[in-house]
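Asks: According to the numbering used here, the sequence shown is numbered sequentially starting from 8.
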Amino acid sequence: MLASSAGLAAAQQAITVNIGSSHPEQNIWVYAMKNTFQPEVNRILEAAGEYKVDWVESYAGTLYKFTDTREAVMDGIVDVGM
8 MLASSAGLAA AQQAITVNIG SSHPEQNIWV YAMKNTFQPE VNRILEAAGE
58 YKVDWVESYA GTLYKFTDTR EAVMDGIVDV GM
């Protein structure tokens, strides 16, 4: 089992996803994104076995301001913005 798990991990393609928000992690929707959305994406991809996500997190306005979320996603500053 260990050998097959090691082979599976080696076959996974890592995808980097930049995820961010203008709000801090204590904000309810940022908290949900970090503690529900991200783990669920990880679980689904782990079950499929082909991909894994390397999350790059930027919260509390480190990359963009409150009114700039849509533009940050459109301009490729983040892949997922809330």
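Don't be surprised by glycine CBs; every beta carbon is placed ideally from N, CA and C. None of these values were measured; they are calculated from a predicted model.
Which residues does DSSP pair with N25 in a beta bridge?
Replies: The partner list for N25 (beta bridge, DSSP) reads V63.
Asks: Report the three-state DSSP secondary structure of Q20 (helix, strand or coil).
Replies: Looking at Q20 - three-state DSSP - the assignment turns out to be strand.
Asks: May I have the straight-line CA-CA distance separating S65 from K72, to the nearest angstrom?
Replies: The straight-line gap from Cα to Cα measures roughly 12 Å.
Asks: Going by the CB atoms, is the gap between N25 and D86 shorter than 9 Å?
Replies: Against a cut-off of 9 Å, the Cβ pair of N25 and D86 comes out as a contact.
Asks: Rounding to the nearest angstrom, what Cα-Cα distance links Y38 and D75 in this structure?
Replies: The straight-line gap from Cα to Cα measures roughly 19 Å.
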